Amino acid sequence: MSPFRGRAMSVHKPSAAWIREEFLRFFEGRGHQRVPSSSLIPAQDPTLLFTNAGMNQFKDVFLGREERPYRRAASVQKCMRVSGKHNDLEQVGRTPRHHTFFEMLGNFSFGDYFKKEAIEFAWDLMTRVYGIPKDRLWVTVFRDDDDARVIWKRNVGIAEERVAGLGEKDNFWSMGDTGPCGPCSEIHIDMKRACPEGRRDCNPGHDCGRFMELWNLVFMQFDRQPDGALKPLAKTGVDTGMGLERIASVLQGVESNYETDLFQPIVEEAGRIARRDGGWNPDSPHEEDRVALHVIADHVRAMTFLISDGVVPSNEGRGYVLRRIIRRAIRFGRYLGIERPFLCDLSATVINIMGRDAGPYVAPHPELLAHATLVAETARREEERFAQTLAVGLAKVETLAQGLRADGKTQISGADAFRLYDTFGLPLDLIKDVAHGTHLTVDEPGFEKAMEEQRERSRKGMKETASTVPAVASRLPARQTLFTGYETTLVEDARVLALVRGDALVEELKAGEEGQAMLDRTPFYAEGGGQVGDTGFLTSSSGVAFVRDTRAPLPGLNLHLVEMREGRLRVGDPVRAEVDRQRREAVMRSHDATHLLHAALRDVVGLHVKQAGSLVSPDRFRFDFSHYTALSDDILAEVEDEVNDVIRQDLPIRSSVMPIDEALRRGALAFFGDKYGDVVRVVEVPGFSMELCGGTHAATTGSIGLFKIDQERGIAAGVRRIEALAGGQALREARQDKAIIESVQSALNVERPKVHEALQRLLDQNRALQREIDRLKINIAAGGPGRAEEDIKDVAGVKVLVRGPQEGLDKDAVRALVDRSRQRLPSGVIVQWAVRDDRVTVTTSVSRDLIPPLHAGDIVKELARLFDGRGGGKPDMAEAGGRSPGDLSAARDRTLEIVERFIRKVGAAR
């Protein structure tokens with residue numbers, strides 16, 4: 077297929093599926109291993125929020141920490157870029173090339189080929205396979221990289237004037253402040269054939285829009301030292317990256333990525349929904365309409381992939397990014413007139429494009445189809461939640477505007493605008509629209525300052541997270557620890573390779589000291605995959621160390637956290653390493669039960685159920701999974717029964733090692749956030765469960781003994797958690813439950829089958845009596861017909877009634893008392909104090925004829941300061957609460973003074 081005919085495209089445009097497959101086939105034919113995309117959630121890399129480049133999954137290979145059975149690789153990697161130097165979310169949809177989610181085509185060399193082959197491969201693919209005319213392509217090189225310049229000219233034959241030498245900012249890549257780095261060479265396409273500014277020396281370094289970068293070839297050949305010096309690497313490497321969306325726009329002959337077959341079906345479906353639901357006119361000339369459709373198309377792709385990979389909307393980290401993306405898409409949907417949830421429906425279009433086979437091409441991301449229900453339901457719930465939040469947020473803007481106008485102010489502060497944005501998800505332009513309608517402006521510089529402060533906090537948080545990998549780890553011996561814990565819990569002749577105290581390498585640890593020990597081989601399982609680390613003892617001829625935990629800060633680097641009980645432990649000492657076997661067996665029972673629980677949930681609840689996290693300990697375990705509603709008692713009982721049935725069958729638990737491709741082909745489940753090599757360990761209960769798992773397991777399901785679900789609850793939108801017990805702990809818990817039931821049975825003096833009925837009857841009686849008590853208290857507090865009138869004061873023409881504090885009234889009773897007072901005082905301000913269980917409540921009511929300028933929420937917030945409480949509410953009714961200071965008489969006495977201050981401040985005298 078030759079897509080180019082001069083500047084025009086052929087009739088048959090190459091599909092994105094063809095572009096992907098031809099890329100992978102090209103490199104497979106040149107000895108490269110086709111490697112599947114890793115998750116958008118980086119595995120064991122706390123420095124990254126999202127996978128943002130093809131090389132992320134190969135980082136440890138480039139650093140020499142991980143060995144792969146191949147030295148050449150090619151992949152099509154899912155990527156997310158939403159902040160920092162790589163992307164500005166506000167630009168997405170407004171330019172033809174900015175995206176949140178994208179696919180990165182890349183080929184890699186780990187100590188194999190270098191510049192010559194990388195350059196020749198790239199040129200061959202671009203010109204021969206993709207058919208791009210040679211005279212349309214320009215290249216850049218690092219200005220000091222004479223080798224690359226010579227290869228481009230001599231080996232490839234590109235003209236001198238189309239090779240531009242640029243500086244370190246543009247053409248030198250670094251993994252960080254120190255470590256692997258090197259020059260890069262970029263391939264650009266000439267989009268316009270002439271410089272828009274008329275420069276004769278125009279080249280890809282001239283930012284005029286004439287050239288577009290297509291492919292970046294990074295040549296890792298140096299190790300940057302702390303002093304900035306560049307030391308040659310023992311093994312050079314190649315890391316390349318080309319955005320699929322960009323190359324698709326070129327090969328399909330369109331001006332914008334949004335016009336390619338990766339986006340166009342989504343844009344068209346979004347437009348169809350807008351026409352149907354919002355009355356949007358597709359012939360509208362407004363540029364903002366096009367922007368809205370592009371934002372929606374981009375963001376629904378990102379949303380679909382993030383949810384599929386296990387991210388759920390939340391207020392922090394990855395979940396916060398997902399929530400922002402969803403809400404931004406909703407805002408642009410509302411701009412087009414779409415008021416109902418629609419992203420949940422639009423996700424199906426994304427899945428049709430990316431999750432299904434397309435003719436002869438297999439689905440690039442089949443996991444999407446498996447998680448279609450989860451994606452749609454999570455999106456729908458988030459859209460519904462935001463609709464509620466938006467209503468509250470807009471009311472907050474109105475309230476804020478009223479208060480500012482009452483104070484004679486004309487501007488919403490940057491801090492207030494950012495709070496509305498951050499807490500309620502209101503975009504700045506929506507805040508500005510509401511403000512404009514109330515004759516106010518918004519402090520935009522102040523808003524941007526608050527936004528930048530939040531970004532800085534986020535960056536700081538990421539740095540602190542990244543620092544959790546001990547700095548000393550890079551100075552430990554390069555060899556890996558041999559783990560023998562699958563076969564045994566005892567190694568008689570392990571050897572101490574290194575000792576750490578604090579952040580320093582030491583030669584010995586003495587009695588009473590704590591530190592970390594690295595052994596040449598160990599039976600101790602390091603915390604990972606949800607399973608807690610082993611405990612036990614290290615014993616040498618000169619000392620005894622208690623191992624209180626085992627961790628692996630880097631793959632293959634097992635560190636034993638030790639407390640020296642006796643003598644001393646030295647580097648080089650032979651030691652007896654013995655795991656606490658009883659604890660290990662309890663952990664294995666929990667881990668086995670976790671696998672069975674996962675399989676049972678998928679069988680009973682649905683195949684959309686996907687592990688979202690776990691903690692496997694000896695006493696109990698928890699299992700987080702993707703699902704959007706609470707599980708009923710009947711469903712939980714069915715799951716529990718199924719697991720216990722498999723336990724009673726005493727089925728074998730088999731562990732085997734195989735290539736990851738074979739494991740996935742056989743149906744083994746893999747989980748987001750876990751990092752897998754090319755050879756994996758598979759744990760299988762034949763006919764029931766098969767998972768990739770590096771944890772320790774028993775020989776048969778019967779060794780679990782008993783499985784019992786303790787509780788099920790939601791922990792985030794679209795994520796549920798089950799806490800459960802296995803083995804002896806499950807039996808002990810069942811006995812405790814039985815003892816509690818027998819105690820209640822005895823107290824109620826009924827037979828066991830009637831315990832629930834008797835208890836419900838008792839609770840109903842108690843509620844009825846409490847209602848009667850509250851009614852009597854309200855009557856007493858309200859007094860006779862003339863009492864309220866005696867307490868009413870006239871303040872600058874406004875009637876004010878202050879009551880209380882009443883003892884023992886709950887919130888409902890207080891509201892009922894206030895409602896009764898409102899009947900007696902139809903125009904005025906009412907303040908009701910109440911105390912119950914060491915908690916004080918103050919409720920304020922303002923009649924509607926005084927709104928505005930009076931606001932019950934403003935008054936109650938000021939009253940709350942009298943007892944260090946918190947609260948707020950609507951203009952006509954608000955309440956605040958807090959811990960009772962004891963004597964409320966002083967606070968009660970100041971109430972009238974505070975209300976009077978508000979009345980006089982706003983000039984509300986009638």
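Going by the working numbering, the residue at position 39 of the sequence shown is 115; the numbering climbs one at a time, nothing skipped.
All residues carry an ideal CB built from backbone N, CA and C; glycine is no exception.
Source: prediction; values computed, not measured.
(request) May I ask which residues mark the beginning and end of the beta strand (DSSP E) holding His282? (result) Segment: none, His282 is in no beta strand (DSSP E) and carries neither H nor E.
(request) Only counting runs of 3 or more residues, tell me where the beta strand (DSSP E) segments fall wholly within the segment 228-256, in order along the chain. (result) 239-242, 248-250
(request) Please name the residue, chosen from His370, Met640, Phe462, Pro735, that lies closest to Leu412 on a Cα-to-Cα basis. (result) His370
(request) Could you name the residues that DSSP lists as bridge partners for Leu614? (result) Ala621, Ala653
(message) Please classify Ile816 as buried or exposed, where buried requires at least 16 neighbouring CB atoms within 10 angstroms.
(response) exposed
(request) Assign Thr971 to buried or exposed, taking buried as 16 or more other Cβ atoms, counted over all protein chains shown, within 10 Å of its Cβ. (result) buried
(request) Express the C-alpha separation of Asn247 and Gly53 in angstroms, rounding to a whole number. (result) Given that the chain is displayed from residue 77 to residue 986, the structure contains no residue 53 and the question cannot be resolved.
(request) Confirm, please, whether the CB-CB distance from Leu801 to Val761 is below 9 Å. (result) no
(message) For Glu520 and Gly490, what's the separation of their Cα atoms in angstroms?
(response) 6 Å
(message) Do Ile729 and Ala676 count as a contact pair if the criterion is CB distance below 9 Å?
(response) no
(message) Spatial neighbours of Leu942 within its chain, please: C-beta separation below 7 Å, excluding the five flanking residues on both sides.
(response) Ala967, Arg970
(request) Using the DSSP secondary-structure output, state which residues sit across from Asn292 in a beta bridge. (result) Glu262, Gly317
(request) Quick one: using the 10 Å Cβ neighbour count with 16 as the cut-off for buried, is Ser261 buried or exposed? (result) buried
(message) For the beta strand (DSSP E) containing Cys420, name the first residue and the last one.
(response) Not the beta strand (DSSP E): Cys420 falls in the alpha helix (DSSP H), residues 419-430.
(request) Look at the alpha carbon of Leu637 and the alpha carbon of Thr475, and state the distance between them as a whole number of angstroms. (result) 55 Å
(request) Look at Leu309 and Pro256 and say whether their C-beta atoms are less than 9 Å apart. (result) yes
(message) Using a Cβ-Cβ cutoff of less than 7 Å, which residues in the same chain neighbour Ala92 once the five nearest sequence positions on both sides are dropped?
(response) Leu320, Ala324, Thr336, Asp337, Leu338
(request) Evaluate the contact criterion for the segment 181-198 versus the segment 146-159: three or more CB pairs, one atom per stretch, below 8 Å. (result) yes
(request) Please confirm whether Ala346 and Gly409 have their CB atoms less than 9 Å apart. (result) yes
(request) Return the CA-CA distance between Gly107 and Phe295, expressed in angstroms with no decimal places. (result) 19 Å
(message) The beta strand (DSSP E) that contains Thr917, what's its start and end?
(response) 915-922
(request) Report the option in Val681, Gly187, Val663, Pro650 whose CA atom is closest to the CA atom of Ser617. (result) Pro650
(request) State the Cα-Cα distance for the pair Thr772 and Gly604, rounded to the nearest angstrom. (result) 11 Å
(message) Would you call the segment 113-132 in contact with the segment 376-388, where contact means no fewer than 3 C-beta pairs closer than 8 Å?
(response) yes
(message) If we require 4 or more residues per run, which alpha helix (DSSP H) segments fall completely within the segment 469-520?
(response) 490-500, 504-513
(request) Classify Phe462 as helix, strand or coil using the three-state DSSP reduction. (result) helix
(request) Assign Thr203 to one of three DSSP states: helix, strand, or coil. (result) helix
(request) For Lys525, I'd like the list of residues in its chain whose CB is within less than 8 Å of its CB, leaving aside the five on either flank, ordered along the chain. (result) Gly490
(request) Kindly indicate which residue of Gly880, Pro341, Asp266, Gly252 has the alpha-carbon position closest to the one of Pro302. (result) Gly252
(request) Evaluate Tyr601 with the Cβ neighbour count: other Cβ atoms within 10 Å of its Cβ, from every protein chain shown; 16 or more gives buried, anything less gives exposed. (result) buried
(request) Please name the residue, chosen from Gly947, Val758, Val876, that lies closest to Ile979 on a Cα-to-Cα basis. (result) Val876
(request) Spatial neighbours of Asp925 within its chain, please: CB distance less than 7 Å, with the 5 preceding and 5 following residues excluded, ordered by chain position. (result) Ser903
(request) Note down the Cα distance separating Pro442 from Gly431, rounded to an integer number of angstroms. (result) 5 Å
(message) Quick check: Val567 and Glu642, are their CB atoms within less than 9 Å of each other?
(response) no
(message) In the DSSP assignment, the alpha helix (DSSP H) including Val820 goes from what residue to what residue?
(response) 804-824
(message) For Leu506, which residues in the same chain have their Cβ closer than 6 Å to its Cβ, ignoring the five residues on either side in sequence?
(response) none
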